[in-house]
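Taking it in order: structure first as structure tokens, then the write-up.
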Amino acid sequence: MTRTGTILEANGTFRKWLEIGSGEDLPIFLDLLRAGDRIFWDTHLGPLLDMQGQVNEVAVEIATPSGPVPALLNASTSTPGDPDGVIDIAIFRAVDRRSYERELLAERKLAEEAESRARDLAQTLQRSLIPPTVPSIPGLDVSAAYRPAGDGSEVGGDWYDVFQLGATSWMVTIGDVCGKGAGAAAMTAFIRYAIRGASMETSNLKKILRDVNEALLLERMDTTATVAMIRLDLAEEKPRVAVSSAGHPLPWKIDEAGRTHKLGSPGTLLGGFSEINQEVERFELEVGETLVLITDGVTEGRSGDEFFGEDRLTTYLSRTPSLEVSEIPERLAQDCVAFQDGHPRDDIAVVALRRSG
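The sequence shown begins at 432 in my numbering and counts up by one.
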């Protein structure tokens, strides 16, 4: 329209409001406004257009044959201050806007409810895969911590398990399944119980890992996993320890002086190859020595282009002799999350055990 209110062109919707056909003349736009709105146009909106070139979402009423229509007016001009300039106007029925906003609010509520259900499901599944507490092992202090990636709304693939094999033997396992969601949860459960079952049949860690690998291939799980396992035999005065890994970050041993030592060798991950190779490291655990198992969510935690990395990990581990075992996993997980500004990109799992006497 012109600065004097002459409508130069209008779409069909506006003509329909006014009940004016396509070939009929349109009234002066300002005459369609109630008296108060015309005054507001002259004293505020017009000068504002001259200064800024636009006004947004001003509530007005448009006179129509069916009665006044509450509307939101948006106006702009490419030539502010030009008396011969043209003003473009877009008008939305306020009732339509309110209906649209109600629909948006309803959709947002549905999305939030769906997100909440997904988060609850993820937490329920994760609780079924992560032991709520670790069992007591005679002569050892044991603790663990788990932190899901992001906001915890998706089931991750990290897990750990601590279980008794016999009167004087125990197994500690930790692992990471490739992927997230229900598929990863199913594979995690499968691997945990496959390890438990195989561990009841043999004490040979290499055979346990081979059996689990064969089971994964037979089940055609179409994904891979990494595992680290520690078998503890407590029949002798000094606990005997056997360690083996299948493509997983290696466990650590820390002595009372804070010296750190990686245990075992990486080995082949599970579920990817029919033939796998693992090694087993054996030793006796001395009083005060600590074993720590982690998932790669610790060392591969990122802040920008920088990884949490092994240097930060070993620095932390070297200080653990001064900590209670119950503090070690939780503090490490907290440090790793803080390093990532509170938003870890991957799950974090940590298990620690120390010979207490």
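By construction, the Cβ of each residue, glycine as well, lies at the ideal position given by its N, Cα and C atoms.
His774, DSSP secondary structure in three states: Position 343 of the sequence shown, counted from the first residue, corresponds to residue 774. Collapsing the DSSP output to three states places His774 in coil.
Distance CB(Val781)-CB(Leu763) smaller than 8 angstroms: Here residue 781 corresponds to residue number 350 of the sequence shown, with the count starting at 1. Here residue 763 corresponds to residue number 332 of the sequence shown, with the count starting at 1. Result yes, Cβ atoms of Val781 and Leu763 sit closer than 8 angstroms.
Where Gly454 sits in the DSSP three-state scheme: Mapped onto the sequence shown, residue 454 falls at position 23. Assigned with DSSP and collapsed to three states, Gly454 falls in coil, not helix or strand.
Asp607 (DSSP reduced to helix, strand or coil): Against the sequence shown, residue 607 aligns to sequence position 176. Looking at Asp607 - three-state DSSP - the assignment turns out to be strand.
Member of Thr510, Leu784, Leu649 and Val593 whose CA lies at the smallest distance from the CA of Gly719: Taking the first residue of the sequence shown as position 1, residue 719 is located at position 288. Ranking the options by Cα distance to Gly719, first place goes to Leu784.
Contact the segment 721–728 vs the segment 679–689: 3+ CB pairs below 8 angstroms: They touch, by the three-pair rule.
Pairwise C-alpha distance: Ala537 and Ala656: The residue labelled residue 656 in the question sits at position 225 within the sequence shown. The residue labelled residue 537 in the question sits at position 106 within the sequence shown. Approximately 41 angstroms between the Cα atoms of the pair.
Residue(s) in a DSSP beta bridge with Val489: The sequence position of residue 489 within the sequence shown is 58, counting from 1. For Val489, which the question treats as bridged, DSSP gives the partners Leu504.
Where Asp468 falls: helix, strand or coil (DSSP): Within the sequence shown, numbered from 1, the residue matching residue 468 stands at position 37. In this structure, Asp468 counts as helix in the three-state DSSP scheme.
Member of Leu476, Ala525 and Ala502 whose CA lies at the smallest distance from the CA of Ile518: Here residue 518 corresponds to residue number 87 of the sequence shown, with the count starting at 1. For Ile518, the closest C-alpha among the options Leu476, Ala525 and Ala502 is that of Leu476.
Spatial distance of His679 from Ile661 (CA atoms): Walking along the sequence shown from the start, residue 679 turns up at place 248. Walking along the sequence shown from the start, residue 661 turns up at place 230. If I take the Cα positions, the gap works out to 13 angstroms.
Where the beta strand (DSSP E) through Glu712 begins and ends: Stepping through the sequence shown from its first residue, residue 712 is reached at position 281. Per DSSP, the unbroken beta strand (DSSP E) holding Glu712 starts and ends at Glu712 to Glu715.
Contact under 8 angstroms by Cβ, Thr604 with Tyr591: Translated into the one-based positions of the sequence shown, residue 604 becomes position 173. Translated into the one-based positions of the sequence shown, residue 591 becomes position 160. Yes, the pair counts as a contact, with Cβ atoms nearer than the cut-off.
Same chain, Cβ closer than 6 angstroms to Ser696, neighbours up to 5 away in sequence not counted: Start at 1 with the first residue of the sequence shown, and residue 696 comes out as number 265. Listed in chain order, the non-local C-beta contacts of Ser696 below 6 angstroms within the same chain comprise Glu710, local neighbours out to five positions each way being set aside.
Backbone secondary structure at Gln595 - three-state DSSP: The residue given as residue 595 occupies position 164 in the sequence shown. Reduced to three states, the DSSP call for Gln595 is strand.
Per-residue burial, Glu712 [other beta carbons within 10 Å of its own, 16 or more giving buried]: Residue mapping note: residue 712 aligns to position 281 of the sequence shown, counting from 1. Counting every other CB atom within 10 Å of its CB across the protein chains shown gives Glu712 a total of 16 or more, marking it as buried.
Length of the line joining the Cα atoms of Thr619 and Ile779: Taking the sequence shown and counting its residues from 1, one reaches residue 619 at position 188. Taking the sequence shown and counting its residues from 1, one reaches residue 779 at position 348. Distance from the CA atom of Thr619 to the CA atom of Ile779, rounded to whole angstroms, is 15 angstroms.
C-beta contact flag for Ile459 and Thr444 at 8 angstroms: Translated into the one-based positions of the sequence shown, residue 459 becomes position 28. Translated into the one-based positions of the sequence shown, residue 444 becomes position 13. Cβ atoms of Ile459 and Thr444: not closer than 8 angstroms.
Endpoints, beta strand (DSSP E) assigned at Val517: Counting from one through the sequence shown, the residue named residue 517 turns up at place 86. Element bounds for Val517: n/a, residue is neither H nor E.
Cα-Cα separation, Gly570 to Glu715: Here residue 570 refers to the residue found at position 139 of the sequence shown. Here residue 715 refers to the residue found at position 284 of the sequence shown. Counting only the Cα atoms, Glu715 lies some 13 angstroms from Gly570.
N-terminal and C-terminal residue of the beta strand (DSSP E) that Arg578 is part of: What you label residue 578 is simply residue 147 of the sequence shown in a count that begins at 1. Run containing Arg578: Leu571 to Arg578, per the beta strand (DSSP E) assignment.
Cβ shell of Ala502 (< 8 angstroms), same chain only, five flanking positions each side left out: Taking the sequence shown and counting its residues from 1, the one referred to as residue 502 is at position 71. For Ala502, where only same-chain residues beyond five positions count, the Cβ hits under 8 angstroms are Ala490, Val491, Glu492, Ile493, Ile522, Phe523, Arg524 and Ala525.
Proximity below 8 angstroms, CB of Val658 to CB of Leu701: Here the question's residue 658 lines up with position 227 in the sequence shown. Here the question's residue 701 lines up with position 270 in the sequence shown. For Val658 and Leu701, yes; Cβs fall inside 8 angstroms.
For Arg651: DSSP bridge partner residues: Position 220 of the sequence shown holds residue 651. Bridge partners of Arg651 according to DSSP: none are assigned.
CB of Ala677 within 8 angstroms of CB of Thr654, strictly: For this step, residue 677 is matched to residue 246 along the sequence shown. For this step, residue 654 is matched to residue 223 along the sequence shown. No. Outside cutoff.
Anticipated Cβ contact below 8 angstroms, Thr564 with Leu665, distance rounded: The count along the sequence shown starts at 1 and reaches residue 564 at position 133. The count along the sequence shown starts at 1 and reaches residue 665 at position 234. Contact between Thr564 and Leu665 is ruled out by a C-beta separation of about 20 angstroms, above the 8 angstroms threshold.
Through-space distance from Ile520 to Leu449, alpha-carbon basis: As a working note, residue 449 is residue 18 in the sequence shown. As a working note, residue 520 is residue 89 in the sequence shown. Each residue's CA atom was taken as its position, placing Leu449 and Ile520 some 16 angstroms apart.
Whether Pro814 touches Ser574 by CB criterion (8 angstroms): Missing from the structure shown is residue 814; the chain here goes from 432 to 788 and no further.
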